[in-house]
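Okay, structure first, notes after.
Protein chains in written order, with the working numbering: chain Y, 2 to 252; chain E, 2 to 252.
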């Protein structure tokens, strides 16, 4: 079996940390990369502070197969991601003519164009990430993939990477809903996890329409193993006097 | 002026990293703590892996005034946060009678009760965080505040901390919407940031109803300074031929 491919996500932006903006990029990255066989093992939300970004990039790019960043690649003074990536790798920024050409396709007064062309700067050695929205491209520097923060643009950039990244075994997931308290099944669930160490069994309680319940999720790469665990969990739910209900995992 | 009080948020849970669940706790923590004069400077989403949690707790509790964790305090095998906090501080877990009493108020068969009482374990030296939903309490170990992952419960626990944490100057924020591209105002905005180094000026582009625009946000603690910057930004927007529009920052 091939080895797991890991990723870390760096969400760059004061607006997420201040609560001005609700991040939705992590969720999209997690489901998309998961489908490609890449597992996000950590995510960090960090402020627009150069030393913090540089340190986070240098720590995570060594510890994960891939690092994906979102945010901070626009034309204003608070868009410092490209500069930080260059500094993290100890290289210079330069104006990439392919991005500059795309930017110049949309005419603008000279002073505005100067600012727009700031988005054409990439670190020496970077490879472009296409931007199917037609805007300036993102870039990858070794294993660090630098993308926009606007969800629509980030999603477009990410889609252009499909099939271009290395991938490991894809995690499959099955979920069972049970209207019982977690404590009613905790013991059996722990025992099932013990006998299926290659799986990740989670219990996610909810409260909905005046009823307590929990969703029991089995994740792993071996479908036979997953199936055995699902059957055992369903039996345990029935033993507690409730009816297990398998959910569509695209819920 | 009092000094800034900083916080780091640790969101503990495989379900956020796998994309099963969209985190909403960070956003609530950011706006609530911000209103109390506590600034979130970093957030991390980390998996249910003991060594990762222990390392993150020990790194962040030294670098920030407060650490707030969400998730992993239920009764199942994947709820390892209390164990990890105890290990991070090098102390033992014990059953806290005040939590146990609350748990016993709701009757259950002996084997279920044993599992429920797992939620009464706290590290030696911990102080309880009330849980106004009536469920088991959270706890604080020195500057590390350990709360539930379910948003309703986390929000209740957090609300019980109001007025009990140290606070710094409160960040005020004003926002101006302008229907122009960021590049049209990037130069002036950079200059305004330069002359107001105590403020944090951000530009957040959007695309809505077929129009590009950007929201220009001024954040800081000095209202006079903020006002001067807002006036300068509005003038710059007008110079670009557009009409600035101040937003209600509770938007």
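By construction, the Cβ of each residue, glycine as well, lies at the ideal position given by its N, Cα and C atoms. The model shown is predicted, which means the values in this text are computed figures rather than measured ones.
Distance between beta carbons of residue j and residue i, contact taken as under 8 Å
i	j	result
residue 47 of chain E	residue 57 of chain E	5 Å
residue 67 of chain Y	residue 144 of chain Y	5 Å
residue 190 of chain E	residue 202 of chain E	6 Å
residue 45 of chain Y	residue 12 of chain Y	7 Å
residue 200 of chain E	residue 227 of chain E	6 Å
residue 69 of chain E	residue 8 of chain E	6 Å
residue 55 of chain Y	residue 15 of chain Y	Not really, about 16 Å apart at Cβ, beyond 8 Å.
residue 168 of chain Y	residue 39 of chain Y	6 Å
residue 28 of chain Y	residue 20 of chain E	5 Å
residue 170 of chain E	residue 222 of chain E	4 Å
Proximal chain E residues relative to residue i, where beta-carbon distance stays under 8 Å
i	result
residue 173 of chain Y	Those within 8 Å of residue 173 of chain Y in chain E number zero; the least Cβ separation is about 11 Å.
Inter-residue spacing [alpha-carbon to alpha-carbon] between residue i and residue j
i	j	result
residue 118 of chain Y	residue 134 of chain E	53 Å
residue 165 of chain Y	residue 156 of chain Y	15 Å
residue 34 of chain E	residue 175 of chain Y	36 Å
residue 103 of chain Y	residue 184 of chain E	15 Å
residue 252 of chain E	residue 178 of chain E	Because residue 252 of chain E sits at a pLDDT of 45, beneath the cut-off of 50, its placement in the model cannot be relied upon, and the following sentence gives the value as read from the coordinates. Between residue 252 of chain E and residue 178 of chain E, the C-alpha separation is close to 12 Å.
residue 131 of chain Y	residue 139 of chain Y	7 Å
residue 126 of chain E	residue 142 of chain E	7 Å
residue 136 of chain Y	residue 220 of chain E	29 Å
residue 111 of chain E	residue 61 of chain Y	46 Å
residue 18 of chain E	residue 43 of chain Y	7 Å
residue 124 of chain Y	residue 207 of chain E	26 Å
residue 188 of chain E	residue 215 of chain E	14 Å
residue 205 of chain E	residue 212 of chain E	14 Å
residue 78 of chain Y	residue 10 of chain E	27 Å
residue 93 of chain Y	residue 107 of chain Y	27 Å
residue 231 of chain E	residue 225 of chain E	10 Å
residue 115 of chain Y	residue 105 of chain Y	10 Å
residue 85 of chain Y	residue 52 of chain Y	8 Å
residue 161 of chain E	residue 99 of chain E	16 Å
residue 181 of chain Y	residue 159 of chain E	26 Å
residue 2 of chain E	residue 81 of chain E	Legend: pLDDT at residue 2 of chain E = 49, less than 50; position of this residue unreliable, value from coordinates given subsequently. Rounded to whole angstroms, residue 2 of chain E to residue 81 of chain E spans 40 Å at the Cα level.
residue 23 of chain E	residue 36 of chain Y	17 Å
residue 121 of chain Y	residue 129 of chain Y	10 Å
residue 245 of chain Y	residue 236 of chain Y	8 Å
residue 83 of chain Y	residue 250 of chain Y	37 Å
residue 238 of chain Y	residue 74 of chain E	21 Å
residue 243 of chain Y	residue 91 of chain Y	60 Å
Where residue i meets chain E, residues with beta-carbon distance less than 7 Å
i	result
residue 194 of chain Y	78
residue 201 of chain Y	15
residue 190 of chain Y	77, 78
residue 113 of chain Y	184, 185
residue 151 of chain Y	206
Within chain E, the residues that residue i reaches when beta carbons sit closer than 9 Å
i	result
residue 230 of chain Y	Under the 9 Å cutoff, chain E gives no residues; its nearest Cβ is about 13 Å from residue 230 of chain Y.
residue 109 of chain Y	182, 184, 185
Three-state secondary structure assigned by DSSP to residue i
i	result
residue 2 of chain Y	Unreliable positioning characterises residue 2 of chain Y in this predicted model, as indicated by a pLDDT of 49, which lies under 50. The coordinate reading is nonetheless provided below. In this structure, residue 2 of chain Y counts as coil in the three-state DSSP scheme.
residue 90 of chain Y	helix
residue 133 of chain Y	coil
residue 206 of chain E	strand
residue 19 of chain Y	coil
residue 143 of chain Y	coil
residue 168 of chain E	coil
residue 80 of chain E	coil
residue 201 of chain Y	strand
residue 35 of chain E	helix
residue 43 of chain E	strand
residue 243 of chain Y	coil
residue 238 of chain Y	helix
residue 248 of chain E	strand
residue 27 of chain Y	helix
residue 138 of chain Y	coil
residue 102 of chain Y	helix
residue 8 of chain Y	strand
residue 179 of chain E	strand
residue 174 of chain Y	strand
residue 126 of chain E	coil
residue 222 of chain Y	coil
residue 119 of chain E	helix
* What residues in the segment 115-146 of chain Y bring their beta carbon closer than 7 Å to a beta carbon of chain E? -> If you check each beta-carbon in the segment 115-146 of chain Y against every beta-carbon of chain E, the ones closer than 7 Å belong to 116, 117.
* Along the segment 16-30 of chain Y, what residues have a CB closer than 9 Å to any CB found in chain E? -> 16, 17, 18, 19, 20, 21, 22, 23, 24, 25, 27, 28, 29, 30
* Asked: Between the segment 44-72 of chain Y and chain E, which residues of the former have CB atoms less than 7 Å from a CB of the latter, in chain order?
  -> Here the close residues are 44, 45, 46, 47, 48.
* **Where the segment 83-98 of chain E meets chain Y: residues whose CB sits under 8 Å from a CB there** => Within the segment 83-98 of chain E, no residue has a Cβ that lies closer than 8 Å to any Cβ of chain Y.
* To do: Anything in the segment 203-235 of chain E with a Cβ closer than 8 Å to a Cβ of chain Y? List those residues in chain order, please.
  => Those residues of the segment 203-235 of chain E that come within reach of chain Y (Cβ to Cβ, closer than 8 Å) are 203, 204, 205, 206, 207, 208, 218, 220.
* Closer than 7 Å, Cβ to Cβ, to anything on chain Y: give me those residues from the segment 32-44 of chain E, in chain order. => Residues passing the 7 Å Cβ filter: 32, 35, 41, 42, 43, 44.
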